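Q: Numbering (our numbering), first residue to last: 26 to 907. Idealized CB from N, CA, C, for every residue including glycine. Here the structure is a predicted model, which is why all the values come from computation and not from measurement. Mind looking over this structure? Questions follow.
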Ligand code: GAL
């Protein structure tokens, strides 16, 4: 053999990495019944769900880095067909849709990628990811054995696979893609399609395989997935799931670690103790790949949110919040969990199936013990035995005996023992810090003082632009681009979803006999529509007389009509197209059934026999008055601060970006419903719709999670803050344009910066030592293991430092974050010591040890350190250890 070949190959590989942006030496991916095999080796993989268009390319590197730091091995995303092919055969792979760039960034960070092509994705994304033009293809039926649909689906899936291959992004090319997905959750709707559904599943599987992508494919929630495809689980818990063949590994493609918000709904929250429990149970019971749906949820910018009625924020209560900041303690606690699982990985991959030991009525252990003969070959230098001890009792702590030792297991928790002896982590014991974020005004927001005005809003000082301009949207046809036809048309057939809005205009002739009929019988005529979605505004003779909100609800609206001709204008509106269910192409929008006027002298008037004039969208929308160039051409007039709230009105102003690097939020709490643009970027729909007053009570992590458990924000608008990505802003003179439908107070709008200002943590002597410093070999070396002590880790957002310690007590402190107080036992130097270790630093670590606090402040009592600190922006950060 040519002796220089390995070196040459290595050099070639290295230069390829540099030139093509490929990230790894080429490797292959396969699987067996236990796990994915990366270059022939089983792996336990943690995946973080991030949808690239729900952030900006400028945010991607930081989100990926925070996922990696949190312990992820893999990033998972869907592919968003309607974003990539907004017009048939016209593709968009730019900006937020630059999927190639996203995948390359993942690879160059050393992470793998799971690409879920779908192309149906659900995802609370408009129309489930389908381009709306798809429904116009003659004879099309979505997601079934239908040739026009299959042709389009195949073409798009092939397009993506080819693109990934051309860009060298598959693992065998040195790229990060280790796994793909075809379809999504079809198992939930398959029965609606009968035998054709079954054929479709087989076709989709075969079609995917024939694309020769060279990595495994999964179907999520598809119990009858053919042999060649791995069927994976989604849900809040997947430990009880098993794939449909003994040859497939147990994969969890969607762990719903939070939930999405709907306009007028509460804010969903899932406690981190329960998420950690679900994840640990999954690995305990033989799982090997787990993905957080979502690790970062982000924002439904523009009109991308699905529906009906999904909010613009897709925060999802994820470990990284909508703005890209860490959500604590979620991120930190899960990071510890991932480290604990990684310590077990050598034993987990070496064992085909765990040994089950019943420890009590609701307690059980799963033991992964490597047979001695296998130990050296399969588990490397890790432990030869790892175990998970679970207490699934929702109420009581249990004491169990496992391999001769007693363990205390809190209710609804799992303890992880990488060496089958030492508990390094319990899912219910949270030592990670809590972060309290504030959205606040950063002085000076508006540098040009002439356009600023301090205002008291809900007793808080806030700054808003002083100058606002306004423009009325016509309540009628506004361009020649309208048409008149007899009949009531389906909404999407007309709008093609180019706008939420469809104007429908007709004329009603009222006779003198009708008027006297109404007077004599003391009735008023009524507009009746059998079924309507999502919003309808009704105008008679230029006046808004009623609005209806709902998803396929009946409309019964009394209307006052005058003798002679009356103009009836119906504005039908969508708020995110349906993204879930069978037959999406038939779902449509606007009205269904009869549209009529009742209580006329001669009975009912069937309005489908009338001529209607249709106009799609808003004038301002189509004239693009939200862009810098076009906004100058529109005829804005000055708005006076005392102007009363006005419906169907455009507003514009200019504002300066908050100083610094903090993420930026637009506070639209004073407005009604509409859409907002900043420098021409559509930041989304807004709606100050209020969540129900009740249903937010106490949150107990124990027991099965469901979406209304632990919800917050009752009685408040679902969303008032809207993310303006920093990269869409310049330092000053940013154009803000709003279209307001229902009336609001623009003078109270403010631009704020979001950051973590308060951090708190509570760690006791009984907490487990931080796992970040451990490696599997520590379990062989009992000595170094015994030296480990619990630690408190405090960290501000990037670019911030701990400016003061507001509270510190080592002893028996009481209360919780922002309400801590000293208990009976307190080390007097607590505050001084913590301040010394942390003040002026970006992060710090404090060991929970008597000697660190000048001796034991109270013998025989378990001591806890509680700290509350303030974070403020800084230019330099450093870290230190006490
Ligand atoms: C799943 C679906 C996801 C998302 C999720 C709820 O069933 O596959 O795309 O919609 O529900 O957030």
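Given 7 Å as the limit, tell me if residue 259 has its C-beta closer than that to any heavy atom belonging to the ligand GAL.
A: True, at least one ligand heavy atom lies under 7 Å from that Cβ.
Q: Out of 641, 676, 899 and 52, which has the shortest C-alpha to C-alpha gap to residue 656?
A: Nearest C-alpha to residue 656: 676.
Q: Along the alpha helix (DSSP H) that carries residue 232, what are the first and last residues, could you check?
A: Its alpha helix (DSSP H) spans residues 219-235.
Q: Does the beta-carbon of residue 136 have 16 or more other beta-carbons within 10 angstroms, so that it is buried, or is it exposed?
A: Buried, since its Cβ has 16 or more Cβ neighbours within 10 Å.
Q: Tell me the DSSP bridge mates of residue 748?
A: 690
Q: Under the three-state reduction of DSSP, which class applies to residue 212: helix, strand or coil?
A: helix
Q: Check this for me: beta carbons of residue 321 and residue 691, under 8 Å apart or not?
A: no
Q: Can you grab the Cα-Cα spacing for the pair residue 705 / residue 226, in whole Å?
A: Take the alpha-carbon of residue 705 and the one of residue 226: they are about 42 Å apart.
Q: Can you tell me where the beta strand (DSSP E) holding residue 125 begins and where it ends?
A: Looking at the DSSP string, residue 125 is not in any beta strand (DSSP E); the run it does join, the alpha helix (DSSP H), is 124-133.
Q: Using CA atoms only, rank isn't needed, just tell me which of 774, 258, 437 and 271 is closest to residue 280.
A: 258
Q: Taking the alpha-carbon positions, what's the residue 786 to residue 438 distance?
A: 21 Å
Q: By a C-beta neighbour count over all protein chains shown, 10 Å radius and 16 as the cutoff for buried, is residue 724 buried or exposed?
A: exposed
Q: Return the chain-ordered list of same chain residues with a C-beta closer than 8 Å to the C-beta of residue 93, the five sequence neighbours on each side being excluded.
A: Answer for residue 93: 134, 135 and 136, listed in chain order.
Q: Would the C-beta of residue 821 count as close to the ligand GAL, meaning under 7 Å from any of its heavy atoms?
A: Taking non-hydrogen atoms of the ligand GAL into account, the C-beta of residue 821 is found less than 7 Å away from none of them.
Q: How long is the line joining the alpha carbons of residue 272 and residue 58, rounded to whole angstroms?
A: 4 Å
Q: Just list the residues that DSSP pairs residue 338 with in beta bridges.
A: As DSSP reads the structure, residue 338 sits in a beta bridge with 324.
Q: Tell me whether residue 146 counts as near the ligand GAL, meaning its Cβ is closer than 7 Å to at least one heavy atom of that ligand.
A: yes
Q: With a CB to CB cut of under 7 Å and the five nearest residues on each side skipped, what residues in its chain are close to residue 84?
A: 349 and 750
Q: Between residue 274 and residue 61, which are expected to be in contact by the criterion C-beta below 8 Å, what is the C-beta distance as a whole number of angstroms?
A: 6 Å
Q: What does the Cβ neighbour count give for residue 508, buried or exposed, with the cut at 16 atoms within 10 Å?
A: exposed
Q: Between which two residues does the beta strand (DSSP E) holding residue 260 run?
A: 255-260
Q: At a threshold of 7 Å, does residue 149 count as lining the ligand GAL (C-beta to nearest heavy atom)?
A: yes
Q: Report the rounded CA-to-CA distance for residue 241 versus residue 742, giving the unit in angstroms.
A: 44 Å
Q: Whole angstroms is fine: what's the gap from residue 65's alpha carbon to residue 56's?
A: Here the alpha carbon of residue 65 sits roughly 8 Å from the alpha carbon of residue 56.
Q: Would you report the Cα separation of residue 895 and residue 828, rounded to the nearest angstrom?
A: About 6 Å.
Q: Report whether the distance from the Cβ of residue 356 to the nearest heavy atom of the ligand GAL is below 7 Å.
A: no
Q: Report the three-state DSSP secondary structure of residue 862 (helix, strand or coil).
A: helix
Q: When we look at the beta-carbon of residue 733 and count the other beta-carbons within 10 Å, is it buried (16 or more) or exposed?
A: With fewer than 16 other Cβ atoms within 10 Å, it is exposed.
Q: Specify, as a first and last residue, the run of the beta strand (DSSP E) that residue 279 falls within.
A: 276-281
Q: Straight-line CA distance for residue 337 to residue 822?
A: 24 Å
Q: Rounded to the nearest angstrom, what separates residue 44 and residue 118 at their Cα positions?
A: With a pLDDT of only 45 at residue 44, under 50, the local geometry of the prediction cannot be trusted, and no value is derived from it.
Q: Report the partner residues of residue 562 according to the DSSP bridge assignment.
A: 572 and 596
Q: Residue range of the alpha helix (DSSP H) that residue 414 falls in?
A: From DSSP, residue 414 is part of no alpha helix (DSSP H) but of the beta strand (DSSP E) over 410-416.
Q: How many Å lie between residue 424 and residue 411 at the Cα?
A: 19 Å
Q: Alpha carbon to alpha carbon, what distance is there between residue 532 and residue 662?
A: Distance between the alpha carbons of residue 662 and residue 532 is about 32 Å.
Q: What span of residues does the alpha helix (DSSP H) with residue 349 cover, start to end?
A: That residue, residue 349, is in no alpha helix (DSSP H); it is neither H nor E in DSSP.
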